[in-house]
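Participant: Residue numbers (my numbering): 656 to 777.
A virtual CB, placed ideally from N, CA and C, is assigned to each residue, including glycine.
1) Can you tell me where the alpha helix (DSSP H) holding residue 757 begins and where it ends?
2) Helix, strand or coil, according to DSSP, for residue 695 in the structure here?
3) Give me the residue from 767, 748, 745 with the minimum Cα distance to residue 754.
4) Measure from the alpha carbon of residue 735 to the alpha carbon of each residue in 686, 770, 757, then state which is nearest.
5) Is it the case that the Cβ atoms of residue 673 and residue 709 are separated by a distance below 8 Å?
6) Would you kindly work out how many angstroms separate the C-alpha atoms of residue 724 and residue 732, rounded to a whole number?
7) Of all the beta strand (DSSP E) runs that stay within the bounds of the stretch 659-713, which reach a length of 3 or more residues?
8) Thinking just about the alpha-carbon of each residue, which of 759, 727, 756, 707 is nearest to the one in residue 738?
9) Between residue 751 and residue 688, is the Cβ-Cβ spacing less than 8 Å?
10) Anyone know if the C-beta pair for residue 741 and residue 711 falls short of 8 Å?
11) Cα separation between residue 693 and residue 762?
12) Using the Cβ count rule (16 or more neighbours within 10 Å means buried), how would you classify residue 700?
13) Rounded to the nearest angstrom, what separates residue 714 and residue 720 at their Cα positions?
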């Protein structure tokens, strides 16, 4: 009997495939995205040392009040803008975009565009 593979497992498989091809370096770290049904998270990661250089999410104390009145798409754009600003404060100008196995559409695209507008290059 065939079993149906759930969407999240297929996404994880795509993400593993992507991660085998891209890595973050100290000069060009990786901008990683994770999204759940309610929240979205973004991290700028240096894979050489395994450290998170900058991060933002809809659950941050700074953003939680603002996000409460926004739609999920608007919240994703706000998170992208915030992670871009925090990365610029740390002196990070260019990143490698890791979409986390998600399609480059919707909230992922809005977050990426907002990060670009805040000054990150990818």
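Facilitator: Once the coordinates are examined:
1) Segment: none, residue 757 is in no alpha helix (DSSP H) and carries neither H nor E.
2) strand
3) 767
4) 770
5) no
6) 14 Å
7) 685-690, 695-701, 706-712
8) 707
9) no
10) yes
11) 11 Å
12) buried
13) 9 Å
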